[in-house]
Amino acid sequence: MRRAILAVTATVAGLVALLSFKTHSSSERTVASPEPAASLPPGERAITGNVANTAYGPVQVQVVVATSKIVKVNVLEQPESTEHDLQIGQFAFPKLIGETLSAQSARIDSVSGATYTSGGYIKSLQSALDNGA
Amino acid sequence: MPSATPSPGANAVTVQVRHAEHVMGTVVSFDVPVSARHDGSLDAAIRWLHWVDRVFSPYRADSDVSLLARAEVSVDACAPEMAEVLAACASVRDLSGGYFTAAPGGQFDPSGYVKGWAVERAAALLAGAGSADHVVNGGGDVQCAGGRGPDGSGGREPWRVGIADPLRPGRLALVVAASDCAVATSGTAERGPHIIDPHTGRPASGLASLTIVGPSLALADAYATAAFAMGPARARDWTASLEGYAAFAITGTGATWHTPGFARHIAAV
Numbered sequence: 040m041r042r043a044i045l046a047v048t049a050t051v052a053g054l055v056a057l058l059s060f061k062t063h064s065s066s067e068r069t070v071a072s073p074e075p076a077a078s079l080p081p082g083e084r085a086i087t088g089n090v091a092n093t094a095y096g097p098v099q100v101q102v103v104v105a106t107s108k109i110v111k112v113n114v115l116e117q118p119e120s121t122e123h124d125l126q127i128g129q130f131a132f133p134k135l136i137g138e139t140l141s142a143q144s145a146r147i148d149s150v151s152g153a154t155y156t157s158g159g160y161i162k163s164l165q166s167a168l169d170n171g172a
Numbered sequence: 007m008p009s010a011t012p013s014p015g016a017n018a019v020t021v022q023v024r025h026a027e028h029v030m031g032t033v034v035s036f037d038v039p040v041s042a043r044h045d046g047s048l049d050a051a052i053r054w055l056h057w058v059d060r061v062f063s064p065y066r067a068d069s070d071v072s073l074l075a076r077a078e079v080s081v082d083a084c085a086p087e088m089a090e091v092l093a094a095c096a097s098v099r100d101l102s103g104g105y106f107t108a109a110p111g112g113q114f115d116p117s118g119y120v121k122g123w124a125v126e127r128a129a130a131l132l133a134g135a136g137s138a139d140h141v142v143n144g145g146g147d148v149q150c151a152g153g154r155g156p157d158g159s160g161g162r163e164p165w166r167v168g169i170a171d172p173l174r175p176g177r178l179a180l181v182v183a184a185s186d187c188a189v190a191t192s193g194t195a196e197r198g199p200h201i202i203d204p205h206t207g208r209p210a211s212g213l214a215s216l217t218i219v220g221p222s223l224a225l226a227d228a229y230a231t232a233a234f235a236m237g238p239a240r241a242r243d244w245t246a247s248l249e250g251y252a253a254f255a256i257t258g259t260g261a262t263w264h265t266p267g268f269a270r271h272i273a274a275v
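Those protein sequence lines, which keep their order, are chains A and B.
Each residue of the first sequence is one higher than the one before, counting from 40 in this note's numbering.
Each residue of the second sequence is one higher than the one before, counting from 7 in this note's numbering.
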């Protein structure tokens, strides 16, 4: 459960960081249909994160967990009103989801790297770990 | 009467809590047994870090470090820890052939030693209060004790410390298995080329990051800074000569190397 929350936090943080590169604001959005819980194989369950309200629209992700390991990440909600939004949807979201799974599968407790500032901490993997507990 | 505290025993589950403290211009993250919150040792460790910040910060005009840099006080008039820090800085300076110095760029600033030292001491405060299993991470430099657990047989697994990949932000280069040891990394990924080669006065180049693993975070952190300043070729020879400390480096082109002693620290991913 703790790992699942970590991954959700990391993904949302990554998405928010990515979206903040955009140069326009939009309130338009589309909402994908969440995978019905009933369709999950036995032993798997879906955990839906809170909606993160970015300046460019709401973002929401869902993780599918099997025996405390994330097996899938779904993006439930993302801005999708411009070419840039579509690029994010087609390229960056899958990449960020892949990174979430990569860090999660490594089962790490802490991260060593070049010293971050107080501001840099917010975007760090360590921050995601700290928020996951 | 039910109790929130698990009873001791081979299979007792240690409840860990996390705390992130903004201090010393970065964030120090604690992963400690819940007992550290109840017995006051977590608060004591946090107070210690803020005290170090007040006394040793080069960014505070009234800190002992600033007063000493302006030659307004003598070492004797500073906190007693100042003499300890100065002696340690001089020792690493001599060991590293001058690549570590308490005056990078010419101005007195022992921060390259102080942060790791302060975090190591914070971890020691927890251990002194009885914590056997904790991780204290000061802005990317980590001091570990014990491990996480219990595993299937009731034992402890070493802490798993990810080494950030400096060339691919958000990803890990490898994972170190750490119990009762420190992991310190110097690099340019977070704050750019800020590590000065004291022999040239210019930012060191050639390495993207250099990680040191060994018992003391104060030394590991200072060794990592010194080795990074040396550049790849000299750093490789020098870190291989360090007793009890092992190194892992990623060069600016993404090539990696490690000293022979580092291999035993690498965890399966």
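Each residue gets a CB set at the ideal place from its N, CA and C atoms; glycine is no exception.
Remember, predicted model here, so these are calculated numbers, not experimental data.
1. Cβ of Ser47 (chain B) within 8 Å of Cβ of Arg60 (chain B)?
2. Which of helix, strand or coil does DSSP assign to Glu74 (chain A)?
3. When burial is assigned at 16 or more other CB atoms within 10 Å of the CB, is Ser276 (chain B) buried or exposed?
4. Could you name the residues of the same chain whose beta carbon sits closer than 7 Å to that of Ala230 (chain B), not counting the 5 residues immediately before and after it, in chain order?
5. Rounded to whole angstroms, what's the CA-CA distance from Pro209 (chain B) to Phe234 (chain B)? Just pull it up for me.
6. For Ala76 (chain A), does the count of other Cβ atoms within 10 angstroms reach 16, so buried, or fall short, so exposed?
7. Any chance the region 22-33 of chain B sits against the region 75-84 of chain B, with 3 or more Cβ pairs inside 8 Å?
8. Going along the chain, which unbroken runs of the alpha helix (DSSP H) with 4 or more residues stay wholly within the region 42-84 of chain B?
9. Using alpha carbons as the reference points, say which of B:Asp115, B:Asp139, B:Thr194 and B:Ile256 lies closest to Ser63 (chain B).
10. Are Leu164 (chain A) and Ala170 (chain B) close, meaning C-beta to C-beta below 8 Å?
11. In the DSSP assignment, find the beta strand (DSSP E) that holds Ser185 (chain B) and state where it starts and stops.
12. Between the alpha carbons of Leu225 (chain B) and Trp123 (chain B), how many angstroms are there, rounded?
13. How big is the Cα-Cα spacing for Ala273 (chain B) and Asn113 (chain A)?
14. Any Cβ of chain D within less than 8 Å of the Cβ of Asp59 (chain B)?
15. Residues bridged to Gly193 (chain B) by DSSP?
16. Name the residues in the region 181-194 of chain B whose C-beta lies less than 8 Å from a C-beta of chain A; which are they?
17. Alpha carbon to alpha carbon, how far is Ala255 (chain B) from Asn170 (chain A)? Give it in angstroms, no decimals.
18. Beta carbon of Arg162 (chain B), beta carbon of Gly155 (chain B): below 8 Å?
19. Just checking my contact of Gly212 (chain B) with Pro238 (chain B) at CB under 8 Å: how many whole Å lie between their CB atoms?
20. When you compare only the Cα positions, how much space is there between Glu67 (chain A) and Gln99 (chain A)?
21. State yes or no: is the beta carbon of Glu196 (chain B) nearer than 8 Å to at least one beta carbon in chain A?
22. Which chain B residues are close to Gln99 (chain A), counting only those with a beta carbon under 9 Å from its beta carbon?
23. If you pair each beta-carbon of the region 127-143 of chain B with each one of the region 49-58 of chain B, do three or more pairs fall below 8 Å?
24. So Glu83 (chain A) is in the beta strand (DSSP E); what residue range does that whole segment cover?
25. Find out if the Cβ-Cβ distance for the pair Thr245 (chain B), Ala214 (chain B) is shorter than 8 Å.
26. Going by DSSP, name the residue or residues bridged to Val40 (chain B).
27. Between the Cα of Asp186 (chain B) and the Cα atoms of B:Ser41, B:Arg177, B:Ser222 and B:Ala50, which residue gives the shortest distance?
28. Under 9 Å, CB to CB, which of the residues in the region 79-112 of chain B have a partner in chain A?
29. Judging by CA-CA distance, which residue of B:Pro39, B:Met88 and B:Ala109 is the nearest neighbour of Asp139 (chain B)?
30. According to DSSP, is Gln113 (chain B) helix, strand or coil?
31. Does DSSP put Phe234 (chain B) in a helix, a strand or coil?
32. State the beta-bridge partners of Leu143 (chain B) as determined by DSSP.
33. What three-state label does DSSP hand Thr262 (chain B) in the structure shown?
34. Shorter than 8 Å from the beta carbon of Ala50 (chain B) to some beta carbon of chain A?
35. Taking Gly249 (chain A) as the query, report the chain B residues whose CB atoms sit under 8 Å from its CB, ordered along the chain.
36. Just by C-beta distance, which residues in the region 144-160 of chain A are closer than 9 Å to chain B?
In short:
1. Start at 1 with the first residue of the second sequence, and residue 47 (chain B) comes out as number 41. Start at 1 with the first residue of the second sequence, and residue 60 (chain B) comes out as number 54. Taking 8 Å as the Cβ cut-off, Ser47 (chain B) and Arg60 (chain B) do not qualify as a contacting pair.
2. The residue given as residue 74 (chain A) occupies position 35 in the first sequence. Caution applies to Glu74 (chain A), whose pLDDT of 43 falls short of 50 and renders its modelled position unreliable; the model cannot decide the point.
3. There is no way to answer for residue 276 (chain B), as the model of chain B reaches only from 7 to 275.
4. Position 224 of the second sequence, counted from the start, is the residue given in the question as residue 230 (chain B). Excluding residues within five positions, the ones whose Cβ falls inside 7 Å are Ala190, Thr191, Ser192, Leu216, Thr217 and Ile218.
5. For the purposes of this step, residue 209 (chain B) is taken as residue 203 along the second sequence, with counting starting at 1. For the purposes of this step, residue 234 (chain B) is taken as residue 228 along the second sequence, with counting starting at 1. Cα to Cα, the separation comes out at about 10 Å.
6. Taking the first sequence and counting its residues from 1, the one referred to as residue 76 (chain A) is at position 37. Residue placement at Ala76 (chain A) is poorly supported in this model, since its pLDDT is 46, which falls under 50; the coordinates are not used for a value here.
7. The region 22-33 of chain B vs the region 75-84 of chain B: no contact.
8. Residue ranges of uninterrupted alpha helix (DSSP H) with 4 or more members, entirely inside the region 42-84 of chain B and ordered along the chain, are 47-62 and 70-75.
9. Here residue 63 (chain B) refers to the residue found at position 57 of the second sequence. Cα-wise, what sits closest to Ser63 (chain B) is B:Asp115.
10. Sequence index remark: in the first sequence, residue 164 (chain A) carries index 125 (1-based). Sequence index remark: in the second sequence, residue 170 (chain B) carries index 164 (1-based). Taking 8 Å as the cut-off, the Cβ atoms of Leu164 (chain A) and Ala170 (chain B) count as close.
11. As a position in the second sequence, residue 185 (chain B) is number 179, starting the count at 1. Run containing Ser185 (chain B): none; DSSP gives neither H nor E here.
12. What you label residue 225 (chain B) is simply residue 219 of the second sequence in a count that begins at 1. What you label residue 123 (chain B) is simply residue 117 of the second sequence in a count that begins at 1. The straight-line gap from Cα to Cα measures roughly 8 Å.
13. Start at 1 with the first residue of the second sequence, and residue 273 (chain B) comes out as number 267. Start at 1 with the first residue of the first sequence, and residue 113 (chain A) comes out as number 74. Asn113 (chain A) has its alpha-carbon roughly 30 Å from the corresponding atom of Ala273 (chain B).
14. Reference to chain D is not applicable here, since the protein chains of this structure are A and B.
15. As a working note, residue 193 (chain B) is residue 187 in the second sequence. Answer by DSSP bridge pairing, in chain order: B:Ser215.
16. Taking 8 Å as the Cβ-Cβ cut-off against chain A, the residues of the region 181-194 of chain B that qualify are Val181, Val182, Val189, Ala190, Thr191, Ser192, Gly193 and Thr194.
17. By one-based count along the first sequence, residue 170 (chain A) stands at place 131. By one-based count along the second sequence, residue 255 (chain B) stands at place 249. Their Cα atoms are separated by approximately 29 Å.
18. Here residue 162 (chain B) refers to the residue found at position 156 when the second sequence is read from its first residue. Here residue 155 (chain B) refers to the residue found at position 149 when the second sequence is read from its first residue. Arg162 (chain B) is a Cβ neighbour of Gly155 (chain B), given a cutoff of 8 Å.
19. Locating residue 212 (chain B) in the second sequence gives position 206, counting from the first residue. Locating residue 238 (chain B) in the second sequence gives position 232, counting from the first residue. Confirmed, about 5 Å.
20. Within the first sequence, residue 67 (chain A) is the residue found at index 28, counting from 1. Within the first sequence, residue 99 (chain A) is the residue found at index 60, counting from 1. Below a pLDDT of 50, predicted positions are generally treated as unreliable, and Glu67 (chain A), at 31, falls in that range; the measurement from the model is reported next regardless. Each residue's Cα considered, the two are about 14 Å apart.
21. Within the second sequence, numbered from 1, the residue matching residue 196 (chain B) stands at position 190. Yes, contact with chain A.
22. By one-based count along the first sequence, residue 99 (chain A) stands at place 60. By Cβ distance, chain B contributes nothing, its closest Cβ being about 20 Å from Gln99 (chain A), past 9 Å.
23. Contact between the region 127-143 of chain B and the region 49-58 of chain B is present, with at least three C-beta pairs closer than 8 Å.
24. Here residue 83 (chain A) corresponds to residue number 44 of the first sequence, with the count starting at 1. Segment Glu83 to Thr87, the beta strand (DSSP E) holding Glu83 (chain A).
25. Residue mapping note: residue 245 (chain B) aligns to position 239 of the second sequence, counting from 1. Residue mapping note: residue 214 (chain B) aligns to position 208 of the second sequence, counting from 1. Cβ atoms of Thr245 (chain B) and Ala214 (chain B): not closer than 8 Å.
26. Taking the first residue of the second sequence as position 1, residue 40 (chain B) is located at position 34. Note: Val40 (chain B) sits in no beta bridge, so no partner.
27. Counting from one through the second sequence, the residue named residue 186 (chain B) turns up at place 180. Relative to the Cα of Asp186 (chain B), the nearest Cα in the group B:Ser41, B:Arg177, B:Ser222 and B:Ala50 belongs to B:Ser222.
28. Contacts with chain A (Cβ-Cβ distance below 9 Å) from the region 79-112 of chain B involve no residue at all.
29. Here residue 139 (chain B) refers to the residue found at position 133 of the second sequence. Closest in C-alpha terms to Asp139 (chain B), from the list B:Pro39, B:Met88 and B:Ala109, comes B:Pro39.
30. In the second sequence, counting from the first residue as 1, residue 113 (chain B) sits at position 107. DSSP places Gln113 (chain B) outside both helix and strand once states are collapsed to three, so it counts as coil.
31. Here residue 234 (chain B) refers to the residue found at position 228 when the second sequence is read from its first residue. Phe234 (chain B): helix per DSSP, three-state reduction.
32. Start at 1 with the first residue of the second sequence, and residue 143 (chain B) comes out as number 137. In the sequence as displayed, the identity of residue 143 (chain B) is Asn instead of Leu. Its beta-bridge partners are B:Ser35 and B:Val148.
33. Here the question's residue 262 (chain B) lines up with position 256 in the second sequence. In this structure, Thr262 (chain B) counts as strand in the three-state DSSP scheme.
34. The sequence position of residue 50 (chain B) within the second sequence is 44, counting from 1. It does not; no Cβ of chain A falls within 8 Å.
35. Summary: the structure shown does not reach residue 249 (chain A), with chain A confined to residues 40 through 172, and so no result is reported for it.
36. Of all residues in the region 144-160 of chain A, those with a C-beta nearer than 9 Å to a C-beta of chain B are Ser144, Ala145, Arg146, Ile147, Asp148, Ser149, Val150, Ser151, Gly152, Ala153, Thr154, Tyr155, Thr156, Ser157, Gly159 and Tyr160, reading in chain order.
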